[in-house]
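In the working numbering, the protein residues as written are 3 to 392. Just so it is clear, CB atoms sit at the ideal spot from N, CA and C, and this is done for glycine as well. See structure below.
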């Protein structure tokens with residue numbers, strides 16, 4: 003069998019046609035012709051396949067574009083529907099707020115310039131106040147009581163009738179009048195509430211949500227001692243007893259609790275007293291451990307016996323070391339004072355019934371003896387679960 007001619011050395015490789023194997027009885031020319039036909043057929047199939055794939059790809063792309071166009075149209079429709087729904091909901095909310103505002107205007111006094119005079123009969127005592135003044139105490143129930151839809155009863159002379167303590171009501175009304183005349187957001191000084199009316203005032207303020215007379219407590223900043231005092235910290239700068247109280251008395255209608263963290267105390271024999279007192283220490287009293295109306299626990303010594311102390315229960319002599327926390331609870335219903343040491347109850351003392359009439363106003367008090375002592379007071383602390391002293 004004759005072989006096909008090869009290319010010269012260094013030239014191009016053999017052509018598929020020229021390298022076709024000769025069949026028996028076939029000339030090279032016939033073999034080359036047959037190879038060319040086979041190549042042409044293969045090329046034709048390849049071109050046909052490519053065209054078919056191009057058509058498929060084109061059809062797929064057309065389908066994608068159609069779906070994309072439909073998706074865009076659907077998204078536009080959905081967007082329009084959503085915007086319409088949002089607009090409708092915003093309109094509903096606006097209408098609801100308008101209704102709320104209208105209701106507030108009917109139920110509350112919101113206009114400070116309203117000059118109508120409210121004439122009031124409070125348990126037989128006559129009072130009057132401009133209606134607009136109540137706008138300065140918007141969260142107080144007293145404001146809502148005199149709104150447009152007020153349902154308060156009136157006496158025979160057409161005056162609003164209130165069954166409140168007239169002395170307490172007079173103090174509240176005077177405060178509102180002064181607040182209405184004060185600059186915006188300013189608050190006039192709190193009045194001095196008589197001891198005999200402190201309980202009634204607490205009850206009335208809580209009922210009326212009149213929080214102005216129930217401020218959060220802090221340390222007394224104006225005092226006659228050499229103590230270094232901030233709203234929550236007391237530090238001693240000299241040796242010798244010095245007593246100081248909180249700015250405001252404890253609640254007379256519910257249990258009160260406060261905590262003292264001892265930050266510095268090198269005195270191991272006693273010299274740090276914590277408790278309550280029926281008045282704010284002043285004058286020479288600030289230098290005496292025994293406060294006549296005081297019920298205090300002295301570090302390492304226990305309760306100091308005074309005219310105010312009665313029976314004690316399970317009291318332990320505990321040293322108030324640096325880092326400890328001393329809690330005090332005053333219960334006006336049971337007339338008791340309890341102390342906690344690092345959340346553990348260490349004892350309770352009753353109030354002497356003989357001086358109960360002088361115990362209408364009760365202040366938290368703190369006595370420091372040694373130079374360098376430092377305490378931090380938390381009047382908003384939560385009381386621990388009470389357990390029996392042991």
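{"query": "So, at 6 Å on beta carbons, what are the nonlocal neighbours of residue 281 in its own chain, with the 5 sequence-adjacent residues on each side left out?", "result": "295"}
{"query": "Give the list of continuous alpha helix (DSSP H) stretches no shorter than 4 residues that lie fully inside the region 156 to 207.", "result": "168 to 183"}
{"query": "Measuring CB to CB, does residue 247 end up less than 8 Å from residue 200?", "result": "no"}
{"query": "By the DSSP assignment, the beta strand (DSSP E) with residue 123 in it spans what residues?", "result": "119 to 124"}
{"query": "Find the nearest neighbour of residue 344 within the set 59, 262 and 133, judged by alpha-carbon distance.", "result": "262"}
{"query": "For chain C, is any of its Cβ atoms less than 8 Å away from the one on residue 59?", "result": "The question asks about chain C, but that chain is absent: this structure has only one protein chain."}
{"query": "State yes or no: is the C-beta of residue 145 within less than 8 Å of the C-beta of residue 136?", "result": "yes"}
{"query": "Identify, in the order they occur along the chain, each residue of the same chain with its Cβ nearer than 8 Å to the Cβ of residue 13, setting aside the five sequence neighbours on each side.", "result": "Interpretation of residue 13 is limited by its pLDDT of 45, a score under 50 that renders its predicted location unreliable; the figure taken from the coordinates is listed afterwards. Here the set comprises nothing."}
{"query": "If you count every other CB in all the chains shown that lies within 10 Å of the CB of residue 308, and 16 or more means buried, which is it?", "result": "buried"}
{"query": "Quick check: what's the CA-CA separation for residue 163 versus residue 359?", "result": "31 Å"}
{"query": "What alpha helix (DSSP H) runs, 4 residues minimum, are completely inside the region 33 to 106?", "result": "none"}
{"query": "By the 10 Å Cβ neighbour count, where 16 or more other Cβ atoms means buried, how is residue 249 classified, buried or exposed?", "result": "buried"}
{"query": "Of all the options 368, 374 and 193, which has the alpha carbon lying nearest to the alpha carbon of residue 266?", "result": "374"}
{"query": "Tell me where the alpha helix (DSSP H) around residue 274 begins and ends.", "result": "Per DSSP, residue 274 belongs to no alpha helix (DSSP H); it is in the beta strand (DSSP E), 274 to 279."}
{"query": "Going by DSSP in three states, residue 323 sits in which element: helix, strand or coil?", "result": "coil"}
{"query": "Just to confirm my understanding: we take residue 118, look at its own chain, exclude 5 residues before and 5 after, and list those with CB closer than 6 Å. What are they?", "result": "133"}
{"query": "Nearest-angstrom Cα distance between residue 284 and residue 364?", "result": "15 Å"}
{"query": "Comparing C-alpha positions only, which one of 24, 29 and 316 sits nearest to residue 351?", "result": "316"}
{"query": "Going along the chain, which residues of its own chain have a beta-carbon closer than 7 Å to the beta-carbon of residue 304, five neighbours each way excluded?", "result": "317 and 319"}
{"query": "With hydrogens ignored, establish whether the beta-carbon of residue 37 is closer than 7 Å to any heavy atom of the ligand SAM.", "result": "The model on display carries no ligand, and the ligand SAM is accordingly not part of it."}
{"query": "So, with DSSP's three-state summary, where would you put residue 365?", "result": "strand"}
{"query": "Tell me, to the nearest whole angstrom, how far the beta carbon of residue 383 is from that of residue 259; I am working on the premise that it is less than 8 Å.", "result": "6 Å"}
{"query": "Residue 216 lies in the beta strand (DSSP E); which residues open and close that run?", "result": "Unbroken run through residue 216: none, as it is neither H nor E."}
{"query": "Which residue's Cα is closest to the Cα of residue 235: 66, 78 and 381?", "result": "381"}
{"query": "Please state if the CB of residue 216 and the CB of residue 371 are separated by a distance shorter than 8 Å.", "result": "no"}
{"query": "I need the boundaries of the beta strand (DSSP E) containing residue 146, first residue and last residue.", "result": "That residue, residue 146, is in no beta strand (DSSP E); its alpha helix (DSSP H) goes 143 to 147."}
{"query": "Span of the beta strand (DSSP E) holding residue 349?", "result": "346 to 353"}
{"query": "Taking buried to mean at least 16 other C-beta atoms within 10 Å of its own C-beta, is residue 310 buried or exposed?", "result": "buried"}
{"query": "Ends of the beta strand (DSSP E) at residue 339?", "result": "338 to 343"}
{"query": "Looking at the strands, I want to know which residues DSSP matches up with residue 116.", "result": "Residue 116 is not bridged to any residue."}
{"query": "If you draw a straight line from the alpha carbon of residue 378 to that of residue 131, how long is it in whole angstroms?", "result": "43 Å"}
{"query": "Rounded C-beta distance between residue 182 and residue 138? I'm assuming under 8 Å.", "result": "5 Å"}
{"query": "With a 10 Å radius around its C-beta and 16 neighbouring C-beta atoms as the bar for buried, classify residue 210 as buried or exposed.", "result": "buried"}
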